[in-house]
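These notes are about the structure you will find just below.
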Amino acid sequence: MSVYRRFAAVYDLMGADHHSVRMVAYTRKLMRRFKIEATAGLDLCCGTGSAIAGLLECGLTMAGLDRSAEMLAVAAKKLRGRHVTLYQKSLPRFRLLDSQNSRRLRRFDIVTSFYDSLNYLSDERELRAAFDSVYRHLRPGGWFIFDMNTARALKMLWSQDVYADVRSDLAWVWKNTYYDKTRSADCHATFFVKKGCTWQRFDELHTEYAYDNSTVRRLLKDAGFQVKGFYRCFTFDRPAGRTCRICGVVRRPPTRRHAEQVE
Ligand SMILES: C[S@@+](CC[C@H](N)C(=O)[O-])C[C@H]1O[C@@H](n2cnc3c(N)ncnc32)[C@H](O)[C@@H]1O
Numbered sequence: 002m003s004v005y006r007r008f009a010a011v012y013d014l015m016g017a018d019h020h021s022v023r024m025v026a027y028t029r030k031l032m033r034r035f036k037i038e039a040t041a042g043l044d045l046c047c048g049t050g051s052a053i054a055g056l057l058e059c060g061l062t063m064a065g066l067d068r069s070a071e072m073l074a075v076a077a078k079k080l081r082g083r084h085v086t087l088y089q090k091s092l093p094r095f096r097l098l099d100s101q102n103s104r105r106l107r108r109f110d111i112v113t114s115f116y117d118s119l120n121y122l123s124d125e126r127e128l129r130a131a132f133d134s135v136y137r138h139l140r141p142g143g144w145f146i147f148d149m150n151t152a153r154a155l156k157m158l159w160s161q162d163v164y165a166d167v168r169s170d171l172a173w174v175w176k177n178t179y180y181d182k183t184r185s186a187d188c189h190a191t192f193f194v195k196k197g198c199t200w201q202r203f204d205e206l207h208t209e210y211a212y213d214n215s216t217v218r219r220l221l222k223d224a225g226f227q228v229k230g231f232y233r234c235f236t237f238d239r240p241a242g243r244t245c246r247i248c249g250v251v252r253r254p255p256t257r258r259h260a261e262q263v264e
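Numbering-wise (our numbering), the sequence shown opens with residue 2 and increments by one.
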């Protein structure tokens with residue numbers, strides 16, 4: 002079952018874009034805290050483009066990447082008239098080429114990835130490959146800021162729970178199950194959208210994967226990043242046992258360890 006297809010049309014209506022608004026405000030605080038000076042940004046798994054819209058307001062030049070054509074179509078509509086390049090690509094391995102020199106990768110000062118996006122990667126090898134791709138697309142000294150569900154969030158919030166809501170023309174029921182063996186959680190999402198006098202139903206199955214904080218930090222370091230901040234998301238506190246969402250602030254070291262050529 003493909004994900005983020007018909008969901009794309011209702012994502013913002015459900016208020017799922019609100020997370021981006023919060024993350025952009027938090028990212029601005031993080032940029033001040035770490036004195037991050039950036040002009041070119043890439044939002045990974047940009048979804049409907051709300052974070053891109055917010056980061057443009059901060060004066061950044063933005064690009065976005067997502068694998069869902071439907072989510073990108075919503076983003077393109079939202080960002081119409083703005084100079085934003087949207088790429089339909091999939092993590093973990095991606096290559097964005099420099100438009101001036103197609104032998105080079107496009108490089109950014111800052112890469113972001115918000116919400117549960119990185120939890121869709123199904124094992125450590127994929128997560129590490131995604132971190133490698135981010136590293137290669139950062140200029141030396143560039144920054145990567147992301148948030149993720151913790152293992153606890155998937156175990157506690159996605160464990161045999163049902164979330165549902167009803168609006169005048171939209172309703173949804175999400176049934177979640179956590180599987181210890183695979184450290185993954187399934188969300189069976191059913192949506193009902195009112196069209197005229199009838200309701201149309203569609204279903205999507207979303208699977209997210211749990212990573213321990215220590216694993217995320219190790220994979221980041223193995224990819225060459227310096228971990229500058231690792232927080233309980235939206236705070237500057239260290240994650241605790243009950244933390245459900247972490248935010249990482251990591252930096253590609255400001256030296257030229259790798260050739261500028263396409264790697
Ligand atoms: C929870 S949404 C988050 C969207 C956006 N970042 C936000 O904060 O609203 C997850 C997004 O990740 C994208 N995604 C999931 N797995 C992906 C992959 N392997 N490669 C690229 N995009 C992916 C989905 O298409 C979806 O748009």
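Every residue gets a Cβ at the ideal spot worked out from N, C-alpha and C, and that includes glycine.
This structure is a prediction, so every number in the text was calculated from the model and none was measured.
- Taking the Cα of H207 as reference, the smallest distance to any Cα among D223, V174 and G230 is reached at V174.
- With the rule of 3 Cβ pairs closer than 8 Å, the stretch 241-252 counts as touching the stretch 140-148.
- With a threshold of 8 Å, the Cβ atom of Y121 counts as near ligand 1, since some heavy atom of the ligand is closer than that.
- By the neighbour-count definition (other C-beta atoms within 10 Å, threshold 16), E209 is a buried residue.
- Selection W144, D204, L221 and T236 evaluated against F35 yields W144 as nearest (Cα-Cα).
- Going by DSSP, N177 is part of the beta strand (DSSP E) stretching over L171 to Y180.
- In this chain, the alpha helix (DSSP H) harbouring G55 covers S51 to E58.
- Taking L87 as the centre and dropping the five residues before and after it, the same chain places the C-beta of C47, G50, A64, G65, L66, D67, L73, A76, A77 and L80 closer than 8 Å to its C-beta, in chain order.
- It is roughly 20 Å from the alpha-carbon of V25 to the alpha-carbon of A9.
- Between the alpha carbons of F132 and R218 lies a distance of about 11 Å.
- A contact is defined here as three or more CB-CB pairs under 8 Å, and the stretch 120-138 meets this definition with respect to the stretch 223-237.
- Closer than 8 Å to some heavy atom of ligand 1: that does not describe the Cβ of K222.
- Per DSSP, reduced to three states, the secondary structure at Y27 is helical.
- Of the heavy atoms belonging to ligand 1, at least one sits nearer than 8 Å to the Cβ of A52.
- Rounded to whole angstroms, R184 and R126 show a C-alpha spacing of 15 Å.
- From the listed residues R253, C188 and L14, the smallest Cα separation to R137 is found for R253.
- Taken atom to atom, the span from the alpha-carbon of F203 to that of V4 is near 11 Å.
- If only complete runs of 4 or more residues are kept, the stretch 86-158 shows the alpha helix (DSSP H) at 125-137 and 152-158, in order along the chain.
- When the alpha-carbon of D18 is set against those of F115, D99, R83 and G60, the nearest one is in F115.
- Boundaries around S215 are those of the alpha helix (DSSP H), N214 to D223, since no beta strand (DSSP E) includes it.
- Taking C-beta atoms as the reference points, D99 and A39 fail to come closer than 9 Å.
- G230 and L31 do touch by the CB rule: their CB atoms are close to 7 Å apart, below 8 Å.
- When K182, G242, P93 and I53 are compared, the shortest CA-CA separation from Y121 is found for P93.
- Here E71 carries a helix assignment [DSSP, helix/strand/coil].
- Within the same chain, Cβ atoms closer than 6 Å to the Cβ of D213 are found at A152, the five residues on either side in sequence being excluded.
- Nearest neighbour of D181 by Cα position, chosen from V85, R33, L155 and A52, turns out to be L155.
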